[in-house]
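Everything below concerns the one structure shown next.
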Amino acid sequence: MSGYIAFVKKEFTENMKNYRFLILFAVFLIFGIMSAFLAKFTPEILSALAADMEMTSEPVALDAWKQFYKNISGVGFSAFIILFGSCLSNEYSKGTLVLMVTKGLSRKAVILAKYTVAVALMTISYWISYAATYGYTALLWNDTSLAHVVFAAVSLWIVGFLYLSILMIGCVIFKQTFTSILFTGGIVALISLLGMIEPIAKFSPFILTSKNVDLISGKVIPAEFVIPAFVSFILSIFGLLIAIRLFNKKQL
Amino acid sequence: MNILFEILPFLVPVLLVDIALAVAAVRHILRHPRYRFGNRTIWLVIVVVILIFGPIIYFVFGKGENE
Amino acid sequence: MNVLTIQNLSKSFGKQRIIDNLNLSVPEGSVFGFIGKNGAGKTTTMKMVLGLLQPDNGEIHVCNEPVGFGQTRTNQYIGYLPDVPEFYNYMTPIQYLKLCGEVIALSKAEISKRSEELLSLVGLYDVTKQIGGFSRGMKQRLGIAQALLTQPKLLICDEPTSALDPVGRKEILDILYKISGTTTVLFSTHILSDVERICNHAAFLNEGKIAVTGTLAEIKALHGHESLLLEFSADKDLQLFKKQKSAEPLLIYSEENNRELILHSRNMENVQKTLLRILAETGICPIKIELMEPSLESLFLEVVK
Numbered sequence: 175m176s177g178y179i180a181f182v183k184k185e186f187t188e189n190m191k192n193y194r195f196l197i198l199f200a201v202f203l204i205f206g207i208m209s210a211f212l213a214k215f216t217p218e219i220l221s222a223l224a225a226d227m228e229m230t231s232e233p234v235a236l237d238a239w240k241q242f243y244k245n246i247s248g249v250g251f252s253a254f255i256i257l258f259g260s261c262l263s264n265e266y267s268k269g270t271l272v273l274m275v276t277k278g279l280s281r282k283a284v285i286l287a288k289y290t291v292a293v294a295l296m297t298i299s300y301w302i303s304y305a306a307t308y309g310y311t312a313l314l315w316n317d318t319s320l321a322h323v324v325f326a327a328v329s330l331w332i333v334g335f336l337y338l339s340i341l342m343i344g345c346v347i348f349k350q351t352f353t354s355i356l357f358t359g360g361i362v363a364l365i366s367l368l369g370m371i372e373p374i375a376k377f378s379p380f381i382l383t384s385k386n387v388d389l390i391s392g393k394v395i396p397a398e399f400v401i402p403a404f405v406s407f408i409l410s411i412f413g414l415l416i417a418i419r420l421f422n423k424k425q426l
Numbered sequence: 018m019n020i021l022f023e024i025l026p027f028l029v030p031v032l033l034v035d036i037a038l039a040v041a042a043v044r045h046i047l048r049h050p051r052y053r054f055g056n057r058t059i060w061l062v063i064v065v066v067i068l069i070f071g072p073i074i075y076f077v078f079g080k081g082e083n084e
Numbered sequence: 188m189n190v191l192t193i194q195n196l197s198k199s200f201g202k203q204r205i206i207d208n209l210n211l212s213v214p215e216g217s218v219f220g221f222i223g224k225n226g227a228g229k230t231t232t233m234k235m236v237l238g239l240l241q242p243d244n245g246e247i248h249v250c251n252e253p254v255g256f257g258q259t260r261t262n263q264y265i266g267y268l269p270d271v272p273e274f275y276n277y278m279t280p281i282q283y284l285k286l287c288g289e290v291i292a293l294s295k296a297e298i299s300k301r302s303e304e305l306l307s308l309v310g311l312y313d314v315t316k317q318i319g320g321f322s323r324g325m326k327q328r329l330g331i332a333q334a335l336l337t338q339p340k341l342l343i344c345d346e347p348t349s350a351l352d353p354v355g356r357k358e359i360l361d362i363l364y365k366i367s368g369t370t371t372v373l374f375s376t377h378i379l380s381d382v383e384r385i386c387n388h389a390a391f392l393n394e395g396k397i398a399v400t401g402t403l404a405e406i407k408a409l410h411g412h413e414s415l416l417l418e419f420s421a422d423k424d425l426q427l428f429k430k431q432k433s434a435e436p437l438l439i440y441s442e443e444n445n446r447e448l449i450l451h452s453r454n455m456e457n458v459q460k461t462l463l464r465i466l467a468e469t470g471i472c473p474i475k476i477e478l479m480e481p482s483l484e485s486l487f488l489e490v491v492k
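Protein chains in written order, with my numbering: chain A, 175 to 426; chain B, 18 to 84; chain C, 188 to 492.
This is the structure we're talking about:
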């Protein structure tokens, strides 16, 4: 336990010192702001630049959330996976973990600490981004008709846990950053594919990343999200357990 | 033109983030003489000129290994 | 009591058998030199003791507890210094020792007290720069400090001196000698003079097995033959000496080198008696007669032959 806490502290400092947190914070904040901003002003800017362009329809608050989910589930999480893809490979290649492990730090604690810090930073960045979109949307439209805005955001957040858990497996198996990232991307793509197959689509965590906008616009009801969220949660824990098991047998 | 003035205040936070990133990057560049590729001048230009992405590119790809 | 016992240990990499049925025990309180050629399997053995490598066969016990691969329980008794220790570059020595102290659940007061002691022991007390800018010798010394932080029963050092200059080597050896009163020290090396300087036990590793082991005195007595060096003032004296009938048995195991003659024997007393008689009879006056101590080096060469 003490080893876990010490290593969490170390991971946290490390992510500050190597600017990972700063970058992610900036990326997510800017995406949050830009989601609402571009949804509102892109048509106006375009029509100001090209006078002959007709505005097809007045942008609404839902457009801001469309942008938000597209950006975060795509670029936002990718940035996260790319930056954290090196969280173990650096330690493998330099051999820095050897001294820690030979001091009695359990390997489980290493994985859990790395996961904890990644999840914590993801959570902070994610909700900052959400707050920015929320604030700007409220500022630019005085629209309060949207339902389940928070619930929709929570479901994408839950997927973040799953992605990071998959990333931990990738990082444990592969000694190179690039392969770890590739592995994670592959598994995420696989989940999306499985999410399209009819009989299991209802249970797949893929729903959590693809139907958030439908939830806000009222096309789907929150109940449909409950099972996928549960599945995602179980898979995250399962993924972590696999990562720990594999790491126990890994040569450092 | 008036649309520009209407929009700009909304971008102030973005600008602040960019300034924070650029300052952090410039400080890092000045304190560390070694980069994975490129030299000090090139990185200073990139970091200052390319908004937001400049500093990010530096921290992710350009920063030398030794902290 | 033995701090470390290794029984029937084997390990292959691919088809190459690096460690082949190795048996070794390290008694408590000893300074144990683990000697072998480069690539003999010293590091491999040590990594298995630390649970960093999976043995193919055999058992390892540290303080009577079995070592398991990937497990870290027995490591609480061990301090480990790898051949090239790597730290987190962005930390200062104090910060690194604090992390280590927290990992092994020391109290805050204890961490700062021990860090202070250890850093002054290894001469890094007033160094406040980041580890990234350290020289190899400094990293090695910090490595000793972090290994001792746990107050281990057994300190394992992998070639602690081989990459250092003479000053750095002396510093490390002095530190190891200083701590040998409180901790059993096992260190691997191929520098024999280091072993002779501070060890009281040693083992020679050759072809995956322990070829010789015991206290330094035992090893020398068992396998060393003593030698006697004679230096003559002129070649004709040497030739005259060799022509003597009673000198024949002495010359069976001998080396000739310019005007020097080195006689090897397991019974040096007889050799000396015979020699002095011959010298008295012939009137030859050598300019130098020296009894040579059996050296580890000659032993080592004999073992690996």
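Quick reminder that beta carbons are idealized off the backbone N, C-alpha and C, glycines included.
Practice task
Kindly say whether Phe-215(A), judged by its beta-carbon, lies nearer than 9 Å to any beta-carbon of chain B.
Solution key: Yes, contact with chain B.
Problem - Rounded separation between Tyr-264(C) and Gly-255(C) - CA only - result: Distance from the CA of Tyr-264(C) to the CA of Gly-255(C), rounded to the nearest whole angstrom, comes to 14 Å.
Practice task
Decide if Lys-288(A) is buried, meaning its Cβ has at least 16 other Cβ atoms within 10 Å, or exposed.
Solution key: Flag for Lys-288(A) reads buried.
Exercise for the section: Would you decide whether Phe-219(C) is buried or exposed? Buried here means 16 or more other CB atoms lie within 10 Å of its CB. Expected result: So Phe-219(C) ends up on the buried side.
Problem - Element boundaries [alpha helix (DSSP H), containing Lys-288(A)] - result: 281-314 is the span of the alpha helix (DSSP H), which, as asked, contains Lys-288(A).
Handout entry: Pair within 9 Å by beta-carbon distance, Ile-255(A) and Leu-341(A)
Key = Taking the C-beta atoms as reference points, Leu-341(A) is found nearer than 9 Å to Ile-255(A).
Handout entry: Beta-carbon spacing of Asn-244(C), Asn-195(C) below 9 Å
Key = Taking 9 Å as the Cβ cut-off, Asn-244(C) and Asn-195(C) qualify as a contacting pair.
Exercise for the section: Could you tell me which chain B residues have their CB closer than 9 Å to the CB of Ala-200(A), listed as they occur along the chain? Expected result: Those within 9 Å of Ala-200(A) in chain B are Val-34, Asp-35, Ala-37, Leu-38, Ile-69, Pro-72, Ile-73.
Practice task
Apply the 10 Å Cβ neighbour rule to Pro-477(A) and answer buried if 16 or more other Cβ atoms are within range, or exposed otherwise.
Solution key: The structure shown does not extend to residue 477(A), since chain A is modelled only from 175 to 426, so the question has no answer here.
Handout entry: Positions along the stretch 300-332 of chain C whose CB lies within less than 9 Å of some CB in chain A
Key = Within the stretch 300-332 of chain C, contact with chain A at the beta-carbon level (separation under 9 Å) is assigned to Gly-330.
Exercise for the section: With 9 Å as the threshold, decide whether the Cβ of Phe-195(A) is near any Cβ in chain C. Expected result: No, no contact with chain C.
Handout entry: Minimum Cβ-Cβ distance from Gly-257(C) to chain A less than 9 Å
Key = Yes - at least one Cβ of chain A is within 9 Å of the one on Gly-257(C).
Exercise for the section: Give a yes or no on whether the C-beta atoms belonging to Ile-390(A) and Leu-320(A) are separated by under 9 Å. Expected result: With contacts defined as CB atoms closer than 9 Å, Ile-390(A) and Leu-320(A) qualify as a contacting pair.
Exercise for the section: With distances taken Cα to Cα, identify the nearest neighbour of Glu-477(C) among Leu-483(C), Arg-464(C), His-451(C). Expected result: The shortest C-alpha to C-alpha distance from Glu-477(C) to any of Leu-483(C), Arg-464(C), His-451(C) is the one to His-451(C).
Exercise for the section: Measuring only between beta-carbons, confirm whether Thr-358(A) sits less than 9 Å from chain C. Expected result: With 9 Å as the cut-off, Thr-358(A) does not count as an interface residue toward chain C.
Exercise for the section: Classify Ile-353(C) as buried or exposed, calling it buried when 16 or more other Cβ atoms lie within 10 Å of its own Cβ. Expected result: Sequence check: residue 353(C) is Pro here, not Ile. Pro-353(C) comes out exposed.
Exercise for the section: Given a cut-off of 9 Å, decide if Leu-335(C) and Leu-308(C) are closer than it, judged by their beta-carbon atoms. Expected result: At a Cβ-Cβ threshold of 9 Å, Leu-308(C) and Leu-335(C) count as neighbours.
Practice task
Please state whether DSSP places Lys-168(A) in a helix, a strand or coil.
Solution key: This structure leaves residue 168(A) out entirely; chain A is present only between 175 and 426.
Practice task
Leaving out five residues on either side along the sequence, give the residues of the same chain with a beta carbon under 8 Å from the beta carbon of Leu-409(C).
Solution key: Setting aside the 5 residues that flank it on each side, Leu-409(C) is surrounded in the same chain by Val-399, Gly-401, each with a C-beta closer than 8 Å to its C-beta; the list follows chain order.
Exercise for the section: Going by DSSP, name the residue or residues bridged to Glu-390(C). Expected result: The residue you asked about is not Glu; residue 390(C) is Ala in the sequence shown. Looking at the DSSP assignment, Ala-390(C) forms a beta bridge with Phe-221(C), Thr-400(C).
Problem - Distance between beta carbons of Tyr-267(C) and Thr-276(A), contact taken as under 8 Å - result: 4 Å between Cβ atoms; contact.
Exercise for the section: Check the Cβ of Pro-30(B) against every Cβ in chain A and list those closer than 8 Å, keeping chain order. Expected result: Ordered by position in chain A, the residues that pass the 8 Å Cβ test against Pro-30(B) are Leu-203, Ile-207, Ala-306.
Handout entry: Distance between beta carbons of Ile-355(A) and Ile-416(A), contact taken as under 8 Å
Key = That pair is no contact at about 18 Å.
Handout entry: Contact the stretch 19-28 of chain B vs the stretch 51-58 of chain B: 3+ CB pairs below 8 Å
Key = Below 8 Å, too few C-beta pairs join the stretch 19-28 of chain B and the stretch 51-58 of chain B to call them touching: fewer than three.
Problem - Residue(s) in a DSSP beta bridge with Cys-344(C) - result: Bridge partners of Cys-344(C): Leu-268(C), Phe-374(C).
Practice task
Report the option in Val-372(C), Cys-472(C), Leu-462(C), Asn-393(C) whose CA atom is closest to the CA atom of Val-213(C).
Solution key: It is Val-372(C).
Exercise for the section: Take Val-291(A) and list the residues in its own chain whose beta-carbon comes closer than 7 Å to its own, dropping the five residues that flank it on each side. Expected result: Leaving aside the five residues that flank Val-291(A) on each side, the residues in its chain whose CB is nearer than 7 Å to its CB run, in chain order, Val-182, Glu-185, Phe-186, Asn-189.
Problem - 8 Å contact criterion, which Ala-351(C) and Ile-359(C) should meet: CB distance rounded - result: Checking the sequence, you will find Leu at residue 351(C) rather than Ala. That belief holds up - the Cβ atoms of Leu-351(C) and Ile-359(C) are roughly 7 Å apart, short of 8 Å.
Problem - Minimum Cβ-Cβ distance from Glu-84(B) to chain A less than 9 Å - result: Only weak support is given to the placement of Glu-84(B): the predicted model assigns it a pLDDT of 47, under 50, and the value that follows is read from those uncertain coordinates. Answer yes: the Cβ-Cβ gap between Glu-84(B) and chain A drops below 9 Å somewhere.
Problem - Three CB pairs or more closer than 8 Å across the stretch 290-308 of chain C and the stretch 217-234 of chain C - result: Taking one beta carbon from each stretch, the stretch 290-308 of chain C and the stretch 217-234 of chain C have fewer than 3 pairs nearer than 8 Å; the two do not touch.
Problem - Against chain A: residues of the stretch 341-368 of chain C by CB proximity under 8 Å - result: Shown here is that no member of the stretch 341-368 of chain C has a Cβ falling below 8 Å from a Cβ of chain A.
Problem - Short CB-CB distance (under 9 Å) between Thr-351(A) and chain C - result: Interface residue (Cβ-Cβ distance to chain C less than 9 Å): Thr-351(A) is not classified as such.
Problem - CB contact flag (Lys-423(A), Gln-338(C), <9 Å) - result: Against a cut-off of 9 Å, the Cβ pair of Gln-338(C) and Lys-423(A) comes out as no contact.
Exercise for the section: Give the straight-line distance between the Cα atoms of Tyr-337(A) and Asp-35(B), rounded to the nearest whole angstrom. Expected result: Taking the straight line joining both Cα atoms gives about 28 Å.
Exercise for the section: Please check if any C-beta of chain C sits within less than 9 Å of the C-beta of Phe-404(A). Expected result: No, Phe-404(A) does not count as interfacial toward chain C.
Problem - Contact with chain C by Lys-288(A), beta-carbon distance below 9 Å - result: Not an interface residue.
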